[in-house]
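Chains as they are written, first to last, in my numbering: chain A, 439 to 938; chain B, 439 to 938.
Below, the structure written as structure tokens:
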């Protein structure tokens, strides 16, 4: 696989000086066009030590306008990073739309090295690569241009390079004992690299293998690949826009369609008559709050995090249910995140980014009042997301939640259900209670008119995202007391199970 | 001081139920008006344990619209937090304009407890309170409404409260051995509290002492104080706006004035003929890059951070100087932060917030290509900041930089100076070099016309912010080689001194 990158490719100084000025202008122009585009560019450098990963990243930074480009390199994980899922540190650093983010080694580094050192067996290595693939696909599907460069040196060339660096007082520090150790393991590294590249070179995130021995050759090669990549992606974006305009009309058509969902939905199958007496309620509330308190203090000390997602009809009682949970917790240990309209920084990233940034440290409880499911509910029904986007979201959400659960987080997703009649009664009551009237807006009445569409969307959502690792909890909510206790009890049960 | 808060204030259930609905409506209305305002509300709860800090915070959260209110409580500092200046964790969490942030104990907690435990002597305690005062003044001057509540209980009342909590299975965990230990130290705590409150109760950030024994009384008292605070501040804002409109015209008048600055400015006094031969340059460059590399690896291992600020005329060579530093560093250890226009999240915070968020972990180098000094340069001259705002900025910047330096960070501020003639020559050269032409905009020519105003502004800036802890380094930049070496050498010298 790497044979073509061990040919001794070279570019003469004259040719270099001839080609660089033009390349720089074109890169700068591409960058200007990119700024208006609604996708980010992700450039990843990895490869053989000494093949110029860092130097080439610096070169791009020098050639291009530094205001719209950012370079990230990663050292050992910090305590805060280790407390979140493995990819979290990269999620946070993703460039916003219109910008270029350069990542040194980044997400490939760990599985690759751990495989060579035998810390991951074959199967675990495949799993790690699968997670990366899912991650890159998700970004690519959202529009990101991902260009991955494998900077290569043959075994002899690497030896030569290390020896040369060691002689140079400014660069000698770059060659460590570990580098020489790795050099002796060259073949094992190359095996793992081949496998990595084969498995993760996909259409929207291809690998380019670059021979790294000659500084000028590798610089031009990377610069030109990047330029072509951006140009091609910008041209695609123009086409996509045209298609989306056409598709938008189509999606609205179906979403507004004749509501042909005669089958019973999961919500319609719920028994809304379930209830609790005032007395049972007081007793249960006290019991489960006390229990939750004990359980959470244990979870806190064992660094087990909890993420609760609350979705449900307007006026279903999400806030009330949340306020029955929080008194059992220490204020330092939980956060309630009400999801409002995204800020401009949030809009300029993948739609999951604004949730990633709220992930808490280990041992904490994070409560989302509405969540990432907005993508397949309101955004679907109001047409804010195209059909392609919301359909894709199911898989993206599943993979995001899988990362949370596999990291050891207890994730519970509640849909609080009320009947259409109960909702009307509550709307009316809100109108009449002075300090609750603000909760009721025109939009609530409008959403109500689309009840059947939401009903169908919830049905799809539960079908697509109620996974073994992260099942939905459907809560019968016509009786507030019953609903609150069910929410608390479920939380206690799940925590208890996790802490066993 | 606390005698009036040990009177056994009570509100009957009937009165409470009568007053609460109206208070809630008014709070919600105030919150709606607030959303349009260009200032945040900061509510701080501290006080005697068991006096209802957390409960009252929860109550506000319940009464108000949770989308525009956020509560923060703090546990032990994380490794990442400990690596930044003491107030960093709060800086990051400040609410944006139009929102309410509730802080439990927060910045008062540490100095207060450390004083009682004798870890801070009198003088150190005063210093800590001074830092808090400066911080709160800065926020208040920027418009923030700060309301601080001391939740109080007499010694007997506290004992009674603890005993009652211990009997309740849901709340028994809230009373710890430490609480009883502190109860025995009640008088020491009260002494420190009195001093804290006396010293830090200022007009724009007053303390309200609330008797905490009766749940209903304290809830109403806090709610009403908050409501009045927001209402009063909103009324002030209307007046300010009118005054600012008038003042704006005045400021523009003076900024555009007759340029009556006949005195020699610091920049005019620089010797722009300083230069280095090509040969001297190569040798010095190599020498200092190698030296920097060694020094920084030492700094990295000793967790000493470096912050470099680059300011200077357009085309002065900031980028070139930065690119002579970075090759000596490991890509994982530095970040270049080019300062572009603020995002909307950034605009909705104090103007220093967008720099706070970039502070690196311990042992790293952060290079700002332009910086917070924009406030007293471009924002002053273009009238983006009012005269009051940019004049105030000197003190704010000094205090910000002091926090950095006192935390052990090496801070170097470079102004790279070129003569007006040299600038013109460089502009012309850029026009002629195809891949540099993008660097030159209409704005550069416009800024050039305001050379004298900038000259005067830089003179003021250096005068006001060249402190003993954080002096300005003025770099003679007509000769690029000389400038680059001076930048590198200064960095090496300062690092060497710090690591001694």
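Beta carbons: idealized from backbone N, C-alpha and C, even for Gly.
| Asked | Found |
| --- | --- |
| Please confirm if residue 492 (chain B) has its CB atom under 9 Å from at least one CB of chain A. | yes |
| Give the straight-line distance between the Cα atoms of residue 569 (chain B) and residue 847 (chain B), rounded to the nearest whole angstrom. | 17 Å |
| I need the boundaries of the beta strand (DSSP E) containing residue 509 (chain B), first residue and last residue. | 507-511 |
| If you measure beta-carbon to beta-carbon, which residues of the segment 864-887 of chain B are closer than 7 Å to chain A? | 872, 873, 876 |
| Does the CB of residue 743 (chain A) have a neighbour CB from chain E at under 9 Å? | No chain E appears in the structure shown, which is made up of the protein chains A and B. |
| So, using beta-carbon positions, are residue 498 (chain A) and residue 554 (chain A) closer together than 9 Å? | no |
| Would you identify the three-state DSSP class for residue 706 (chain A), choosing helix, strand or coil? | coil |
| Name, please, each residue of chain A whose Cβ falls closer than 9 Å to the Cβ of residue 509 (chain B). | 769, 773, 774 |
| Rounding to the nearest angstrom, what Cα-Cα distance links residue 483 (chain A) and residue 472 (chain A) in this structure? | 21 Å |
| Give the secondary structure of residue 588 (chain A) by DSSP, where H, G and I count as helix, E and B as strand, and everything else as coil. | strand |
| Measure the alpha-carbon distance for residue 476 (chain B) versus residue 676 (chain B) and round it to whole angstroms. | 11 Å |
| How about residue 747 (chain B) and residue 896 (chain B): are their beta carbons less than 9 Å apart? | no |
| Counting Cβ pairs closer than 8 Å, one from the segment 635-654 of chain B and one from the segment 590-601 of chain B, do we hit at least three? | yes |
| Considering residue 485 (chain B), what are the terminal residues of the beta strand (DSSP E) in which it resides? | 479-485 |
| Name, please, each residue of chain A whose Cβ falls closer than 8 Å to the Cβ of residue 937 (chain B). | None at all; the shortest Cβ gap to chain A is about 16 Å. |
| Taking the beta carbon of residue 890 (chain B) as the centre, do at least 16 other beta carbons fall within 10 Å, making it buried, or is it exposed? | exposed |
| Would you say residue 754 (chain B) and residue 861 (chain B) are within 9 Å of each other, going by their C-beta atoms? | yes |
| Shorter than 8 Å, the distance from the beta carbon of residue 722 (chain B) to the closest heavy atom of the ligand HEM, or not? | The model depicted lacks the ligand HEM and carries no ligand whatsoever. |
| Would you list, in chain order, the members of the segment 452-464 of chain A that have their beta-carbon closer than 7 Å to a beta-carbon of chain B? | 459, 462, 463 |
| Does any residue of chain B bring its CB to less than 9 Å from the CB of residue 629 (chain A)? | no |
| What are the residues of the segment 586-611 of chain B that lie near chain A, defined by any Cβ-Cβ distance shorter than 8 Å? | 607, 608, 611 |
| Starting from the C-beta of residue 636 (chain B), find all residues in its chain whose C-beta is less than 8 Å away, skip the five residues before and the five after it, and write them out in chain order. | 439 |
| To which residues of the same chain is residue 481 (chain A) closer than 6 Å at the C-beta, ignoring the five residues directly before and after it? | 540, 585 |
| Say whether the segment 560-580 of chain B touches the segment 630-644 of chain B, bearing in mind that this needs 3 or more beta-carbon pairs closer than 8 Å, one atom from each stretch. | yes |
| Mapping the DSSP letters down to three states, classify residue 562 (chain A) as helix, strand or coil. | helix |
| What residue range is occupied by the uninterrupted alpha helix (DSSP H) comprising residue 838 (chain A)? | 825-844 |
| Along the segment 727-757 of chain A, what residues have a CB closer than 9 Å to any CB found in chain B? | 727, 728, 731, 732, 735, 757 |
| Interface residues of chain B around residue 512 (chain A) at Cβ under 8 Å? | 770 |
| When the Cα atoms are used, what is the spatial distance from residue 609 (chain A) to residue 452 (chain A)? | 26 Å |
| Taking 9 Å as the CB-CB cut-off, is residue 466 (chain B) touching chain A? | yes |
| Specify the secondary structure class of residue 766 (chain A) as computed by DSSP and reduced to three states. | helix |
| Buried or exposed: where does residue 680 (chain A) fall if 16 or more other Cβ atoms within 10 Å of its Cβ makes it buried? | exposed |
| Please identify the residue among A:508, A:912, A:838 whose C-alpha is closest to the C-alpha of residue 856 (chain A). | A:912 |
| If you count every other CB in all the chains shown that lies within 10 Å of the CB of residue 987 (chain A), and 16 or more means buried, which is it? | Within the shown structure, residues of chain A are numbered from 439 to 938, placing residue 987 (chain A) beyond reach of any answer. |
| Quick check: what's the CA-CA separation for residue 831 (chain B) versus residue 813 (chain B)? | 7 Å |
| Taking residue 745 (chain A) as the reference, give the member of A:873, A:669, A:503, A:810 with the closest Cα. | A:810 |
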